[in-house]
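To start, the structure itself, in structure tokens.
2 protein chains.
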Amino acid sequence: MINTEIFEKYIISLFPMPTEKANFFAKQFEPILLSKNEFLLKEGKISKVTHFLESGFIRSFTLDTNGNEVTTNIFSAPCFVNDFLSFFKQQPTKENIQALTACNLFRMNYDDIQVYFHSFPEFREFGRIMLVTNYSLLHERILGMIKDTAEIRYLKMLEQHKDIFKNVPLKIIASYLGITDSSLSRIRKEIAQK
Amino acid sequence: MINTEIFEKYIISLFPMPTEKANFFAKQFEPILLSKNEFLLKEGKISKVTHFLESGFIRSFTLDTNGNEVTTNIFSAPCFVNDFLSFFKQQPTKENIQALTACNLFRMNYDDIQVYFHSFPEFREFGRIMLVTNYSLLHERILGMIKDTAEIRYLKMLEQHKDIFKNVPLKIIASYLGITDSSLSRIRKEIAQK
DNA sequence: CAATTTACTTGTCATTTGGCAAGAAATCAT
DNA sequence: ATGATTTCTTGCCAAATGACAAGTAAATTG
């Protein structure tokens, strides 16, 4: 018997509903394991599956014009992991999604999601909230990029996601913050000396 | 008789539907005029109305910790203008939305939008596409902030929105690009000398 | 456990950007 | 039109960040 408790709690936290209903939704997903460095999605492919990350860490990245990897996102359980654009528009993705640690996931494919969206208003509403929530996070990030210094962006992230710093290489994080790993190292040194 | 042709074409371009249907939707909105410097929304208020901008330019901005205005968005007709977060979550906004030029708009309030969302699947679908589209734009912008230099961000914007440069002060644009007006001025000088 | 790879730090120097102030140019209001 | 305001540019210097390379530490692999 698969334990979907974490998943259910996550669903309820975003969109309150009876436990039985959340359990029903969670059960429609298929549990899978991912080992470190495995990919969920590669650039150019169309995202056919959406994932809920129950435990572990995942990054998404793309290549800049010089061929360097740029971290676009760092996913820390529990959360949904996906390229929403590729998934909802069924168009080729520009990103790669890769496990940074071993992960436990639940997945559901696009066609099934569509069926549930049509059949269950709560499911549809849940999807909308997901989108708005992610939009909100992106928006906050843009604001941070414009009005905060790299040091403040670092400190905010440290405060909000200490778990990521314990499990993800600094160079991945630095890239996510929009700076080089050298710069992040210097910023950390500065802070430590205070 | 109000001419909603631009509005209709915009709707159809995002989500193909018969002209009559688009016309019907457009007609449900109320036309309004906005003069330069007028506000559509002020920080702390809940966005009760969503707007379609038929002509004109609008900015959204917030204040940083030093009290400086930071441009969060520049809206160039035709497009929808709104704080999606405040509107869809009905929570207080952190932004101000202000006309940069005289504007022609169409508006609809939250309650009516909800009614149409429930009654018309196309309307609902259109709303979802709006959200995904805006998410997409934000995503592109984040990527640019991380992997492009200020000069490249400027050039990309110039290429995609020449109209904005003809109608919006550079200091507003500089802030949107995440740099000071002095820096933008220097970047423009550099480019001109090539 | 030894070898190899990966992660992290640090130094040097160049480049980018910011802060501030002054002045020129353009726009606006009366 | 003219005086006031806003916008834009520019110079100067300081601060932040990048690029590259070297060296150390840590993790991984066989």
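Protein chains in written order, with my numbering: chain V, 5 to 198; chain H, 5 to 198. Just so it is clear, CB atoms sit at the ideal spot from N, CA and C, and this is done for glycine as well. Keep in mind the model is a prediction, meaning the values are calculated, not measured.
Asked: Pick out the complete alpha helix (DSSP H) segments inside the stretch 111 to 174 of chain V, 4 residues or longer, and give them in chain order.; Found: 114 to 123, 125 to 151, 154 to 164, 166 to 171
Asked: Going by the beta-carbon positions, is the gap between H/Tyr-139 and V/Leu-135 smaller than 8 Å?; Found: yes
Asked: Using DSSP with H/G/I as helix, E/B as strand and the rest coil, what is H/Glu-73?; Found: strand
Asked: Find out if the Cβ-Cβ distance for the pair V/Ile-168, V/Ser-80 is shorter than 8 Å.; Found: yes
Asked: Compare the C-beta of H/Gly-48 with all C-beta atoms of chain V and state if any pair is closer than 8 Å.; Found: no
Asked: Please confirm if H/Asn-63 has its CB atom under 8 Å from at least one CB of chain V.; Found: Looking at the sequence itself, residue 63 of chain H is Arg, so the reference to Asn does not match. Answer no: the Cβ-Cβ gap between H/Arg-63 and chain V never drops below 8 Å.
Asked: Could you check where the alpha helix (DSSP H) with H/Ser-189 kicks off and where it finishes?; Found: 185 to 197
Asked: Between the stretch 107 to 122 of chain H and the stretch 56 to 64 of chain H, do three or more beta carbon pairs fall short of 8 Å?; Found: yes
Asked: Report the three-state DSSP secondary structure of H/Leu-57 (helix, strand or coil).; Found: strand
Asked: By the 9 Å beta-carbon criterion, what residues does the stretch 94 to 117 of chain H contribute toward chain V?; Found: Lys-98
Asked: In the DSSP output, what is H/Phe-91 paired with across the bridge?; Found: The partner list for H/Phe-91 (beta bridge, DSSP) is empty, contrary to what the question assumes.
Asked: Compute the Euclidean distance between the alpha carbons of H/Ala-103 and H/Ala-178, then round it to the nearest angstrom.; Found: 17 Å
Asked: Is the beta carbon of V/Leu-188 closer than 8 Å to that of V/Leu-174?; Found: yes
Asked: Give the residues from the stretch 139 to 163 of chain H that approach chain V closer than 7 Å (Cβ to any Cβ), ordered along the chain.; Found: Tyr-139, Ser-140, Leu-142, His-143, Arg-145, Ile-146, Leu-147, Met-149, Ile-150, Lys-151
Asked: Does the beta carbon of V/Phe-92 sit closer than 8 Å to a beta carbon anywhere in chain H?; Found: yes
Asked: To the nearest angstrom, how far is the alpha carbon of V/Asn-27 from that of H/Lys-166?; Found: 51 Å
Asked: Establish whether the CB of V/Phe-19 and some CB of chain H are separated by less than 8 Å.; Found: no
Asked: For the stretch 115 to 131 of chain H against the stretch 62 to 70 of chain H, are there 3 or more C-beta pairs whose distance is under 8 Å?; Found: no
Asked: With the cut-off set at 8 Å, would you say H/Met-161 and V/Gly-182 are in Cβ contact?; Found: no
Asked: Does any CB atom of chain H fall closer than 8 Å to the CB of V/Asp-185?; Found: no
Asked: For H/Val-136 and chain V, any beta-carbon pair shorter than 8 Å?; Found: yes
Asked: Do you know how far the Cα of V/Ser-90 is from the Cα of V/Thr-137?; Found: 17 Å
Asked: Counting along the chain, where does the beta strand (DSSP E) carrying V/Glu-12 start and finish?; Found: Counting along the chain, V/Glu-12 falls outside any beta strand (DSSP E), though it belongs to the alpha helix (DSSP H) covering 9 to 18.
Asked: In this structure, how does DSSP classify V/Ala-103 when only helix, strand and coil are distinguished?; Found: strand
Asked: Check whether the Cβ of V/Thr-76 lies closer than 8 Å to any Cβ atom in chain H.; Found: yes
Asked: From H/Ala-106 to V/Pro-20, what distance separates their C-alpha atoms?; Found: 43 Å
Asked: Between which two residues does the beta strand (DSSP E) containing V/Phe-43 stretch?; Found: 43 to 45
Asked: Using only CA atoms, which one of V/Ser-51, V/Phe-92, V/Arg-145, V/Lys-98 lies nearest to V/Arg-128?; Found: V/Phe-92
Asked: Looking at chain V, is there any beta carbon in it that lies within less than 8 Å of the beta carbon of H/Gly-182?; Found: yes
Asked: What are the start and end residues of the alpha helix (DSSP H) that includes V/Phe-28?; Found: 23 to 31
Asked: Could you name the residues of chain V that H/Phe-88 contacts, counting a contact when the two beta carbons are closer than 9 Å?; Found: Val-136, Tyr-139, Ser-140, His-143
Asked: Assuming V/Ile-156 and V/Thr-75 make a contact with CB atoms under 8 Å, what is their CB distance in whole Å?; Found: Between V/Thr-75 and V/Ile-156 the Cβ distance is about 18 Å, and since that is not below 8 Å, they are no contact.
Asked: For H/Leu-37, collect the residues of the same chain with a Cβ closer than 8 Å to its Cβ; drop the 5 residues on either side in sequence, then sort them by chain order.; Found: Ala-106, Cys-107, Asn-108, Leu-109
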